[in-house]
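With the working numbering applied, the sequence shown corresponds to residues 1 to 144, in that order.
Have a look at the structure below, then the notes.
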Amino acid sequence: MKAFSIAFLRVAVGLLLVVWGIIRLGAPEMGAMVADKYYGGLAAAQSLQTAWGIALIVIGLLCVIGLFRKYAFIAQALVLVGGALAIWKYLLDPLGMWLLARDDAQVLFFPSLALAAATLVLIAFRDEDSFSLDAMIARKKTAI
């Protein structure tokens, strides 16, 4: 059950990055708007949004299939934990009760906290993920 749960978490979080990447490729102006509004304009140029979209898709797909997890999970953590840190005010005050004005509150950002935690769990339990492509390749090598 543990291996299945970890694999399920890996696939779900990886797919999120794939979806975000597809959105960035399909509507780079949306990514630029979000970067301007919530991330201080970091990488708001539409050309950077396209490159970022491709990177998110690659990282997400590597996580989904469980290939190069040692590096893919670190990249995923940089994206998800870094993204959560950048919107810390929205995570500490999702309802706009003390840190943000109610009109500025954005409760839809709150799941970013769970995603950041999920990627750290994947790193911590990487050795337990027996359904990953990496683990299958390692088993095949030891069997030979």
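Backbone N, C-alpha and C fix where the C-beta goes; we use that ideal spot for every residue, glycine too.
Within the same chain, and ignoring the five residues on either side of L95 in sequence, the residues whose Cβ sits closer than 7 Å to its Cβ are A105, V107. Here the alpha carbon of A7 sits roughly 38 Å from the alpha carbon of W98. For the pair of segments examined, the region 129-137 was found not to touch the region 76-84: the number of CB pairs separated by less than 8 Å stays below three.
In the structure shown, the three-state DSSP call for S47 is helix.
In the three-state scheme derived from DSSP, where H, G and I count as helix and E and B as strand, G21 is classed as helix.
When C-beta atoms of the region 8-19 are compared with those of the region 47-67, three or more pairs fall below 8 Å, so the two segments count as touching.
Taking 8 Å as the cut-off, the beta carbon of A44 is found closer than this to the beta carbon of D36.
Secondary structure at S5: helix, using DSSP grouped into helix, strand and coil.
P111: member of the alpha helix (DSSP H) spanning 111-124, first to last residue. By the CB criterion at 8 Å, A3 and S130 fall inside the cutoff. Ranking W52, L67, S47, A32 by CA distance to the CA of L78 puts W52 first.
In this structure, the alpha-carbon of R102 lies about 18 Å from that of P111. In the DSSP assignment, V34 falls within the alpha helix (DSSP H) that extends over 28-38.
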